[in-house]
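A.B. asks:
There are 2 protein chains.
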Amino acid sequence: MSQLQRIVIAPSQIDSPHILLNADQQHYLSRVLRLRSGDSFIAMNGSGQSWLVELQLDRAKILAAVDPKSELPIFVTLLLALPKGNGFDDVIRQTTELGVGCIAPVISDRTLLNPSPNKLERWRRIAQEAAEQSERQIVPTILEPMPWVDRLSENSDDPRFICLARSNSPHLLDVLLEQRLPSITLAIGPEGGWTDSEIKHAIATNYQPISLGCRILRAVTAPIVALSLISGVYENAPKP
Amino acid sequence: MSQLQRIVIAPSQIDSPHILLNADQQHYLSRVLRLRSGDSFIAMNGSGQSWLVELQLDRAKILAAVDPKSELPIFVTLLLALPKGNGFDDVIRQTTELGVGCIAPVISDRTLLNPSPNKLERWRRIAQEAAEQSERQIVPTILEPMPWVDRLSENSDDPRFICLARSNSPHLLDVLLEQRLPSITLAIGPEGGWTDSEIKHAIATNYQPISLGCRILRAVTAPIVALSLISGVYENAPKP
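Chains X and Z, in that order, give the protein sequences.
Taking the working numbering, the leading residue of the first sequence gets 3, the next gets one more, and so forth.
Taking the working numbering, the leading residue of the second sequence gets 3, the next gets one more, and so forth.
Next up, the structure:
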């Protein structure tokens, strides 16, 4: 069953025991995926529920709920300074594969370009596709880009960490092995790193500095490293 | 000192206490990096030694040996099935950032295209650039692409692992936390995974199946995850 194709549907499309398919979805299922009436696929609502369904022309019949347990047992929010170029697409794709819950793009002092308005739409589409392909139950939320200082001023009960290069801060892996957390917020800087004032601001609002290791990682690599460590520890490592 | 620019030089360029610079390097230093005579940079021989040097027209004077300790204390060999498209460039760049020692591109049953001969040259250039940028001491070795079966027939004392999706194999993180290894070989398959016969072959030649977690990772993401876990454990985690 795990090899079945997946598509995300809106809650409003559910008309139990059927799911009504819109024109785009019908086209995708029949023309792109080449499914025929009677073929099965997985419909997911993007917020944790999935169903095994059977294609029937313009709708799909719900056969069973499925529970592939592919979600991380910790809710991860990434605050990511926007990198140069298109690197952010890959970051969204790969952190979605690795189980991120929410991505908040951040405009930092060293962010070169403000993203165009249609970027957000594009990022959300990438997150949805990556969630389908990696067989997740949840499509990560992608928030609107926001200046770092504004993002910092938001209240949150999450343990909050800011990743710093060239620092003697504790390593994320050590922090993760030390205590079980229900959720975590990690801020990762742009190429060239956070500015001193950005770091000061973060620490003043309860962000703890952490390290991702002793080599210099690019802004597009660091989020993947962080998620790899989180998913490794929370899904598999011996409990502390 | 860590913010200095780095370039890789050949051992034959060392004429102690100077390093003779070739025309490309002179151009790169003066035109691209905009260094002038008297400016400092780091010259590295790509196999573990680096020097703080001072630019003097067509050569550089060695001021001191440097030892930034940016290398992993475990030698990691990655056997990577070639993915579609240009994804392999990113894999080389990112695993180099994360400390890989050797990359062996593998032609698997599901590899779509044989790489063109100039690819190898390109990959080696990417590894060198990524080693410079991530402030490594060693430029990873990139081997010639080779069919999986031929690669398997090679002798090695390394503990060898093959990463499998949808398996109940032990997680790489657990394996890493269990015992300290001086070196490790990890084989990671193509989009769509290894074929059954490839897996059988590997197990018959002492590859142990391991998992990278319960989501489906793309072929370009899995190597980053593996290296993230290895560098996290070997550089920072509490010793078992």
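Note that beta-carbon positions come from the ideal geometry of N, C-alpha and C, so glycine has one too.
Would you list the one or two residues that DSSP bridges to Z:I11?
C.D. replies: Numbered from its first residue, the second sequence carries residue 11 of chain Z at position 9. According to DSSP, which records beta bridges pairwise, Z:I11 is partnered with nothing at all.
A.B. asks: Tell me the start and end of each unbroken beta strand (DSSP E) in the segment 101–132 of chain Z that is at least 3 residues and wholly inside, in chain order.
C.D. replies: 104–109
A.B. asks: Please state the DSSP three-state secondary structure of X:L154.
C.D. replies: Reading the first sequence from its first residue, position 152 is the one you call residue 154 of chain X. X:L154: helix per DSSP, three-state reduction.
A.B. asks: Taking contact to mean at least 3 C-beta pairs separated by less than 8 Å, is the segment 131–138 of chain Z in contact with the segment 170–177 of chain Z?
C.D. replies: These segments do not touch.
A.B. asks: Got a sec? Which residues, its chain only, sit under 7 Å from Z:Y236 by beta carbon, not counting five neighbours each side?
C.D. replies: Taking the second sequence and counting its residues from 1, the one referred to as residue 236 of chain Z is at position 234. Excluding residues within five positions, the ones whose Cβ falls inside 7 Å are L74, P75 and I76.
A.B. asks: Is X:Q210 helix, strand or coil when you go by DSSP?
C.D. replies: Along the first sequence, one-based indexing puts residue 210 of chain X at 208. Secondary structure of X:Q210 (DSSP, three-state): strand.
A.B. asks: Express the C-alpha separation of Z:K86 and Z:Q7 in angstroms, rounding to a whole number.
C.D. replies: For this step, residue 7 of chain Z is matched to residue 5 along the second sequence. For this step, residue 86 of chain Z is matched to residue 84 along the second sequence. C-alpha separation (whole angstroms): 33 Å.
A.B. asks: Can you name the residues that DSSP bridges to X:H20?
C.D. replies: The sequence position of residue 20 of chain X within the first sequence is 18, counting from 1. Answer is X:D17 and X:K63, bridged to X:H20.
A.B. asks: Considering X:D27, what are the terminal residues of the alpha helix (DSSP H) in which it resides?
C.D. replies: On the first sequence, residue 27 of chain X is found 25 positions in, with the first residue counted as 1. One detail in the question is off: residue 27 of chain X reads as Gln in this sequence, not Asp. Looking at the DSSP string, the run of the alpha helix (DSSP H) that includes X:Q27 is A25 to H29.
A.B. asks: Counting only runs of 3+ residues fully inside the segment 129–206 of chain X, write out the beta strand (DSSP E) ranges in chain order.
C.D. replies: 162–165 and 185–190
A.B. asks: What does the alpha-carbon distance come out to for the pair X:V108 and X:L214?
C.D. replies: Here residue 108 of chain X corresponds to residue number 106 of the first sequence, with the count starting at 1. Here residue 214 of chain X corresponds to residue number 212 of the first sequence, with the count starting at 1. The straight-line gap from Cα to Cα measures roughly 19 Å.
A.B. asks: Which residues in the same chain have their Cβ closer than 8 Å to the Cβ of X:I128, if we skip the five residues on either side of it in sequence?
C.D. replies: Here residue 128 of chain X refers to the residue found at position 126 when the first sequence is read from its first residue. Cβ within range, chain order: D91, I94, R95 and T98.
A.B. asks: On the DSSP letters alone, give me the boundaries of the beta strand (DSSP E) that X:L81 sits inside.
C.D. replies: Start at 1 with the first residue of the first sequence, and residue 81 of chain X comes out as number 79. Element bounds for X:L81: F77 to A83.
A.B. asks: Does the beta carbon of Z:R112 come closer than 8 Å to any beta carbon on chain X?
C.D. replies: Translated into the one-based positions of the second sequence, residue 112 of chain Z becomes position 110. No, Z:R112 does not count as interfacial toward chain X.
A.B. asks: Cβ of Z:G215 less than 8 Å from any chain X Cβ?
C.D. replies: Taking the second sequence and counting its residues from 1, one reaches residue 215 of chain Z at position 213. Taking Cβ atoms only, chain X reaches closer than 8 Å to Z:G215, which makes this a yes.
A.B. asks: What does Z:F43 pair with, by DSSP beta-bridge criteria?
C.D. replies: Taking the second sequence and counting its residues from 1, one reaches residue 43 of chain Z at position 41. Partner(s): Z:V55.
A.B. asks: Mind pulling the chain X residues with CB within less than 9 Å of Z:K71?
C.D. replies: Locating residue 71 of chain Z in the second sequence gives position 69, where the first residue counts as 1. Under the 9 Å cutoff, chain X gives C216.
A.B. asks: In the structure shown, what three-state DSSP assignment does X:V222 receive?
C.D. replies: The sequence position of residue 222 of chain X within the first sequence is 220, counting from 1. The answer is coil: DSSP assigns X:V222 none of H, G, I, E or B.
A.B. asks: Of all the residues that make up the segment 194–227 of chain X, which are near chain Z by a beta-carbon distance shorter than 9 Å?
C.D. replies: S213, L214, G215, C216, R217, I218, L219, R220, V222, T223, I226 and V227
A.B. asks: Residues of the segment 129–158 of chain X with a CB closer than 8 Å to any CB of chain Z: list them in chain order, please.
C.D. replies: Q135, S136, E137 and R138
A.B. asks: Residues of chain Z with CB closer than 8 Å to the CB of X:V235, please, in chain order.
C.D. replies: Against the first sequence, residue 235 of chain X aligns to sequence position 233. Ordered by position in chain Z, the residues that pass the 8 Å Cβ test against X:V235 are L175.
A.B. asks: Can you check whether the CB of X:L178 is closer than 8 Å to the CB of X:I232?
C.D. replies: Taking the first residue of the first sequence as position 1, residue 232 of chain X is located at position 230. Taking the first residue of the first sequence as position 1, residue 178 of chain X is located at position 176. In this structure, X:L178 lies closer than 8 Å to X:I232 by Cβ.
A.B. asks: I need the DSSP call for Z:S49, collapsed to helix, strand or coil.
C.D. replies: What you label residue 49 of chain Z is simply residue 47 of the second sequence in a count that begins at 1. The answer is strand: DSSP assigns Z:S49 an E or B state.
A.B. asks: Suppose contacts are defined by Cβ-Cβ distances below 8 Å. Is X:Q28 in contact with X:D60 by that definition?
C.D. replies: Residue 28 of chain X sits at position 26 when you count from the first residue of the first sequence. Residue 60 of chain X sits at position 58 when you count from the first residue of the first sequence. Cβ distance < 8 Å, so X:Q28 and X:D60 count as in contact.
A.B. asks: Of the choices Z:L37, Z:R36, Z:I9 and Z:L84, whose alpha-carbon is the least far from that of Z:W53?
C.D. replies: Within the second sequence, residue 53 of chain Z is the residue found at index 51, counting from 1. The residue with the shortest Cα to Cα distance from Z:W53 is Z:I9.
A.B. asks: Kindly list, in the order they appear in chain Z, the residues whose Cβ is closer than 7 Å to that of X:Q96.
C.D. replies: Walking along the first sequence from the start, residue 96 of chain X turns up at place 94. What X:Q96 touches in chain Z: T223.
A.B. asks: Taking 8 Å as the CB-CB limit, is Z:S230 close to chain X?
C.D. replies: Numbered from 1 along the second sequence, position 228 holds the residue referred to as residue 230 of chain Z. Closer than 8 Å: yes.
A.B. asks: Are the CB atoms of X:C165 and X:L183 within a distance shorter than 8 Å?
C.D. replies: Position 181 of the first sequence, counted from the start, is the residue given in the question as residue 183 of chain X. Position 163 of the first sequence, counted from the start, is the residue given in the question as residue 165 of chain X. Inclusion of X:L183 and X:C165 in the CB contact set at 8 Å is not warranted, their separation being larger than that value.
A.B. asks: Any idea if Z:R38 is buried or exposed, counting beta-carbon neighbours within 10 angstroms, 16 or more meaning buried?
C.D. replies: Within the second sequence, the letter at position 36 stands for residue 38 of chain Z. Exposed is the call here.
A.B. asks: Any idea if Z:A25 is buried or exposed, counting beta-carbon neighbours within 10 angstroms, 16 or more meaning buried?
C.D. replies: The residue labelled residue 25 of chain Z in the question sits at position 23 within the second sequence. Z:A25 should be labelled exposed.
A.B. asks: For Z:E123, go through chain B and note every residue whose CB falls closer than 9 Å to its CB, in chain order.
C.D. replies: In the structure shown, chain B cannot be found, because the protein chains are X and Z.
A.B. asks: Counting only beta-carbon separations shorter than 8 Å, does Z:L269 have a partner in chain X?
C.D. replies: Residue 269 of chain Z falls outside the range modelled here, since chain Z spans only 3 to 242, and no answer is possible.
A.B. asks: Can you give me the C-alpha to C-alpha distance between X:L31 and X:S14, rounded to a whole angstrom?
C.D. replies: Translated into the one-based positions of the first sequence, residue 31 of chain X becomes position 29. Translated into the one-based positions of the first sequence, residue 14 of chain X becomes position 12. Roughly 19 Å between the two C-alpha positions.
A.B. asks: Suppose the cutoff is 7 Å on Cβ atoms and the five residues either side in sequence are ignored; what does the same chain contact list for Z:I16 look like?
C.D. replies: To locate residue 16 of chain Z, count along the second sequence from 1; it is residue 14. Leaving aside the five residues that flank Z:I16 on each side, none in its chain has a CB nearer than 7 Å to its CB.
A.B. asks: Are the CB atoms of Z:R217 and Z:E193 nearer to each other than 8 Å?
C.D. replies: One-based indexing of the second sequence puts residue 217 of chain Z at position 215. One-based indexing of the second sequence puts residue 193 of chain Z at position 191. No, the Cβ-Cβ distance between Z:R217 and Z:E193 is not below 8 Å.
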